[in-house]
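Here's the structure, in structure tokens; my notes come after.
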RNA sequence: GGUCCCGUAGCUCAACUGGAUAGAGCACCUGCCUUCUAAGCAGGGGGUUACAGGUUCGAUUCCUGUCGGGAUCACCA
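Residue numbers (my numbering): 28 to 612.
Have a look at this one:
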């Protein structure tokens, strides 16, 4: 079932076409001036330019052909050539009735199961997750949900940092601290213990020390590099220790992501493509794509028509080590082979834009990725504090992710107590509600802006739960649930449209385009925005209209149906940004 | 210095990719809980869209320049 706006665009498009003009000029959008019309088409003005005609004259012709269409109660020309459209209530009612029982709430699909790989999250093994991982995780997860709903087969890959120098740092640090451990005995040939010798808490202390020491002293760094190389050569003891750290870290990551309600389809890491690197580089050397430069092996990615510098992608450093670009290129090999996707999307900090451009160019140049596949770096800005500088805690450290979530939950619990909401709920339910409120607040605050630039992370604002926030949306959804519950609502009945509820029905008809816009441009914020507007419009209606005391039974049933539709769309949109609604709050 | 991104209300952000009167939230004022959850609703003040040109019926959006902020510029990730 095409959306209402699709249907209208089709009708207008046919009229333009019958006049020898491109049918794309018939594109209909929601009116900017609700006081004048419900929908509008600006195509006459654009068409006039290409056809060298008067815009109003073009509009006149189009309007003349729409006059007797029974869908419209009003078709007018305004200003330089805007075509203003208003539907009859019958037409609106017909459309709304057609989506009332639709689980997709009228949203069309834009894909037919094509594979899309999304790369987000990117936590590091042995390193505690902190607020820096937040944006990638929740933006990536939301885009995954949106594309999946839109008809793609999505493959969300967590792409862990599990194979770089930091692993060598930690291993060498452990060896310095515990030289007697069996993992460091080169002559040992037996089995290693099944229990990990380190916990995630240990790692949270060890990594910063190892990293700091390595950066401070070249000879300490040399140990880290040596350990990295030995690990990558799979020295038995190191590899066993690494597996322990991997397992311990994944456990901790899973707890964090479960709390955030962020999901992945596959849990691969840099280590998974390690064995692909040597054959890949050999192959590229043979084909002439990889060449020696200054002692390193590189792929040149600068094109002739570039007016800017494009450093080559380094595959092997002068010392023979590999870089993250090497791993990323090998990951392209892996993903093409495993999934043959139409798109590969990277939700990673905008600062890595140049790096990804290098990798993508190298991917196309070497034919690892065909030109038909979209490679896209969806960058996002740095998370700043209210002072405009990169976010730090009061004592200057990084805020751990679990601490952030705990802070949000505390605030929400406090709010529940103040409002005496849930005094009679079980402790478990109150905690569950607080958790959902906290997650909604954190995610909505982040996802509501589209800025590639920076993002101001303001905990106080986020947990005030007032105004345009995630908890506001939960609150409105829960109120509707409570209303339907009290009314004992069952589906059925005619939809009756009147002045006080017409804006809401019109808004319900916009969902398909909103989600399509978000899916095509990878912009979850348009969903946040529309969800907020819908919630606000309903809240206004709810405040002015007492539904349960309505005496006209048919009217009451119609309003309950409207409420149920608003709720369904709200929950759908919240789901697309990874937010769950509690039963009550 | 080269390249890229950004500059919209006091603050944080939108503006359907060139459309009509630039919209929200916070903060500030005024009302509204003995009828469905006040984490709410109704209303008010607040703008030369950094600045200067250009393109056209029409510019926050596209082009040029200036100013200001940020990022990045091959052996770290």
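Beta carbons: idealized from backbone N, C-alpha and C, even for Gly.
Cβ pair residue i, residue j closer than 9 Å
i	j	result
residue 458	residue 440	yes
residue 31	residue 536	yes
residue 166	residue 443	no
residue 38	residue 71	no
residue 543	residue 124	no
residue 149	residue 187	yes
residue 108	residue 91	no
residue 303	residue 360	yes
residue 401	residue 372	yes
residue 180	residue 140	yes
residue 616	residue 106	Residue 616 is absent from the model: the chain starts at 28 and stops at 612.
residue 377	residue 408	yes
residue 586	residue 577	yes
residue 435	residue 358	no
residue 34	residue 122	yes
residue 268	residue 210	yes
residue 492	residue 438	yes
Residues near residue i by beta carbon distance below 6 Å, same chain, minus five either side
i	result
residue 237	196, 197, 200
residue 170	549
residue 257	265
residue 115	100
residue 155	231, 427
residue 609	460, 463
Cβ neighbour criterion (16 or more within 10 Å) applied to residue i
i	result
residue 594	buried
residue 319	exposed
residue 76	exposed
residue 251	buried
residue 552	buried
residue 547	exposed
residue 381	exposed
residue 60	exposed
residue 356	buried
residue 413	exposed
residue 540	buried
residue 81	exposed
residue 345	exposed
residue 531	buried
residue 69	buried
residue 573	exposed
Residue of the options minimising C-alpha distance to residue i
i	options	result
residue 168	399, 153, 185	185
residue 622	35, 117, 301	Absent from the model: residue 622. The displayed extent of the chain is 28 to 612, so no value can be given.
residue 192	502, 290, 247, 611	247
residue 569	307, 410, 583, 603	583
residue 283	215, 152, 429	429
residue 415	351, 435, 447, 481	481
residue 113	463, 98, 394	98
residue 40	46, 50, 33	50
residue 487	208, 465, 28	465
residue 509	64, 190, 590	590
residue 301	275, 210, 189, 314	189
residue 463	305, 451, 63, 504	504
residue 64	101, 95, 44	101
residue 292	366, 610, 495	366
8 Å Cβ shell around residue i - same chain, five flanking residues per side excluded
i	result
residue 571	527
residue 272	152, 153, 194, 197, 223, 225, 230
residue 476	482, 552
residue 322	345
residue 518	127, 128, 588, 591
DSSP beta-bridge partners of residue i
i	result
residue 20	What is shown of the chain runs 28 to 612, which leaves residue 20 out entirely.
residue 57	66
residue 105	109
residue 376	407
residue 157	427
residue 418	Residue 418 is not bridged to any residue.
residue 151	188
residue 482	410
residue 99	114
residue 370	143, 401
residue 341	325
Other residues of its chain near residue i: CB distance less than 7 Å, five sequence neighbours each side excluded
i	result
residue 605	165, 168, 169, 172, 288, 289, 470
residue 36	53, 54, 55
residue 328	337, 339, 340, 385, 388, 389, 392
residue 352	340, 341, 382, 385, 386
residue 4	Residue 4 is absent from the model: the chain starts at 28 and stops at 612.
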